[in-house]
Each structure stands twice: as C-alpha cells, then as structure tokens.
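Numbering (our numbering), first residue to last: 30 to 242. Glycine included, every Cβ here is placed at the ideal spot set by N, Cα and C. Remarks on the structure that follows.
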C-alpha cells in the first residue's frame, strides 16, 4: 500500500487479525487510524481557515474539523496534538466568530500544553492571539507584552514570515499609541523579513498598513 505508514500498518494488522488470528491487532490499528484521522481533520480545518482569510466566508466544515481533531487527540492522550487543535479552535472563535470569551481559555490551554512539549512555534501562535484578546479587552500593556513574546520566539526560530506578521502587529500598536518613529522602524523590519522569506501575502498586509500609517 502507498501513503502514510499508519495506513500500511493498519492493512498489515488487518491481515494479522483475519488470517493470523491475532485478537489484539485491531486495537492497535484503530489507534493508528484515530491518529491519522486527527491529523487529517486538523489539516483540513487549517486549509478551510486559510480559505476564510481570503474569502471572509465561514465554511461549515471548519469548526467540526477542529473539534474532531481535538476529540481524537484527547482520546489518544496526545497532549501535543491537543495543543495544536486547541490553538486552531481558539483562533476560529476569535477570528471567524469574533468571540474572544470562548477563544481565550482555548488559547491559554494551547499555550500551556505547547510549553510543556517545548513546541515553541505553537506557543508563538497562541501567545500572539492571547495578545490580541488582551488588546480587545483594553489591556494594552498585557497585549503588547504578549505580542513581543510572540515576535521574540519567532525571531529565535528564524520563522521569518511569522516574524514579519508579529512586527506588523507591533507596528500597528505603536502607531495607535503615537509612537510613530517606532512604528515606522517596525514596519521596515517587517517588510525586510517578509521580503527575505518571499511571504507575499504578509507583504500585502504590510503595504496596506503603510498606507494607513
């Protein structure tokens, strides 16, 4: 069989169960397929979220995909997978549904689990969106601190497209707080990082912000 090793293993375990009389083989195969289904659901939901960012129309399959991924990762005891699914759920409620109250605990749990696993990339996403939640709630100091942490992590990871997006958010915040020189410097840094990584989508966001700022 071609494809994911978990599918190949499930095929072999099926034959072990049917032809070899192994009564425990299917239990292992079901766990493999639950893991595969969780990864697939998460990937599908992320693609639907990308579609939303382009079209600004919610796809009815996005939320169920993230919820299914979280359900399966939880069943498997995969807390690393849970942290990723929790972030996507939190981001969905914050960005798509504009529901910060539902989003915040999901994002915080995602950050905490990612921190336990040393998954600094997921940490950078979760803390970024927790920063946005703080800003929406009127906590500008807390929001700025979290956005700065996200930028710092992404710089250390050399995740240039994400760093550019983080610097853009900080530039917009600086502009709103009348720190114009800092805003201009951050925008220039963001544009450089986006250009170096050929992040054309982020470049478009930066150019639009430069018109406003």
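Could you have a look at residue 249 and say whether DSSP puts it in helix, strand or coil?
-> Limits of the chain in this structure are 30 at one end and 242 at the other, which puts residue 249 out of reach.
Nearest CA to the CA of residue 65: which residue from 194, 34, 113?
-> Locating residue 65 in the chain shown gives position 36, counting from the first residue. Checked all of 194, 34, 113; the closest Cα to residue 65 is 34.
Can you have a look at residue 233 and say buried or exposed, based on whether 16 or more other CB atoms are within 10 angstroms of its CB?
-> Here residue 233 corresponds to residue number 204 of the chain shown, with the count starting at 1. Here residue 233 is exposed: its Cβ has fewer than 16 other Cβ atoms, across all protein chains shown, within 10 Å.
Segments of 4+ residues assigned as alpha helix (DSSP H) that fall wholly inside the stretch 152-238 = The qualifying runs are 169-186, 189-205, 209-225.
Helix, strand or coil at residue 48 [DSSP, three-state] | For the purposes of this step, residue 48 is taken as the residue at position 19 of the chain shown. If DSSP states are grouped into helix, strand and coil, residue 48 belongs with coil.
Residue 117 to residue 240 span [Cα, whole Å] = Residue 117 sits at position 88 when you count from the first residue of the chain shown. Residue 240 sits at position 211 when you count from the first residue of the chain shown. Computed Cα separation, rounded: 31 Å.
Given a cut-off of 8 Å, decide if residue 68 and residue 77 are closer than it, judged by their beta-carbon atoms.
-> As a working mapping, residue 77 is identified with position 48 in the chain shown. As a working mapping, residue 68 is identified with position 39 in the chain shown. No.
Residue 75 versus residue 130: straight-line alpha-carbon distance, rounded | Reading the chain shown from its first residue, position 46 is the one you call residue 75. Reading the chain shown from its first residue, position 101 is the one you call residue 130. Distance between the alpha carbons of residue 75 and residue 130 is about 21 Å.
Identify, in the order they occur along the chain, each residue of the same chain with its Cβ nearer than 7 Å to the Cβ of residue 143, setting aside the five sequence neighbours on each side.
-> Here residue 143 refers to the residue found at position 114 when the chain shown is read from its first residue. Cβ contact annotation for residue 143 (same chain, cutoff 7 Å, sequence separation greater than five): 112, 151, 152, 155, in chain order.
Spatial distance of residue 229 from residue 189 (CA atoms) = Numbered from its first residue, the chain shown carries residue 229 at position 200. Numbered from its first residue, the chain shown carries residue 189 at position 160. Straight across, the Cα-Cα distance linking residue 229 with residue 189 is about 12 Å.
Checking contacts by CB at 8 Å: is residue 225 closer than that to chain D?
-> Among the chains in the structure shown there is no chain D, since it carries only a single protein chain.
Supposed close pair residue 179, residue 195 - CB separation, criterion 8 Å | As a position in the chain shown, residue 179 is number 150, starting the count at 1. As a position in the chain shown, residue 195 is number 166, starting the count at 1. With 8 Å as the limit, residue 179 and residue 195 qualify as a contact, their Cβ atoms being about 5 Å apart.
Buried or exposed: residue 47, going by 16 or more other Cβ atoms within 10 Å of its Cβ?
-> Indexing the chain shown from 1 puts residue 47 at position 18. Exposed, since its Cβ has fewer than 16 Cβ neighbours within 10 Å.
So what's residue 134 in DSSP terms, helix, strand or just coil?
-> Taking the chain shown and counting its residues from 1, one reaches residue 134 at position 105. If DSSP states are grouped into helix, strand and coil, residue 134 belongs with the helices.
Which word fits residue 203, buried or exposed, when buried means at least 16 other C-beta atoms lie within 10 angstroms of its C-beta?
-> Translated into the one-based positions of the chain shown, residue 203 becomes position 174. Answer is buried; the Cβ neighbour count reaches 16.
Is it buried or exposed for residue 247, if we count other Cβ within 10 angstroms and need 16 for buried?
-> Given that the chain is displayed from residue 30 to residue 242, the structure contains no residue 247 and the question cannot be resolved.
Boundaries of the alpha helix (DSSP H) in which residue 93 is found, first to last residue = Looking up residue 93 in the chain shown gives position 64. Residues 91-105.
Starting from residue 116, follow the alpha helix (DSSP H) in both directions and report where the run begins and ends.
-> As a working note, residue 116 is residue 87 in the chain shown. 108-120 is the span of the alpha helix (DSSP H), which, as asked, contains residue 116.
Might you give, ordered along the chain, the residues of its own chain that have their beta carbon closer than 6 Å to the beta carbon of residue 220, omitting 5 neighbours on each side?
-> In the chain shown, the residue the question calls residue 220 occupies position 191. Once the five neighbours on either side are set aside, the close Cβ partners of residue 220 are 235.
When the Cα atoms are used, what is the spatial distance from residue 193 to residue 222?
-> By one-based count along the chain shown, residue 193 stands at place 164. By one-based count along the chain shown, residue 222 stands at place 193. CA-CA distance, residue 193 to residue 222, rounds to 5 Å.
Helix, strand or coil for residue 68, going by three-state DSSP, please let me know.
-> Locating residue 68 in the chain shown gives position 39, where the first residue counts as 1. For residue 68, the three-state secondary structure derived from DSSP is helix.
So residue 85 packs on residue 115, CB below 8 Å; how close in whole Å?
-> Along the chain shown, one-based indexing puts residue 85 at 56. Along the chain shown, one-based indexing puts residue 115 at 86. By a beta-carbon distance limit of 8 Å, residue 85 does not contact residue 115. Their separation comes to about 24 Å.
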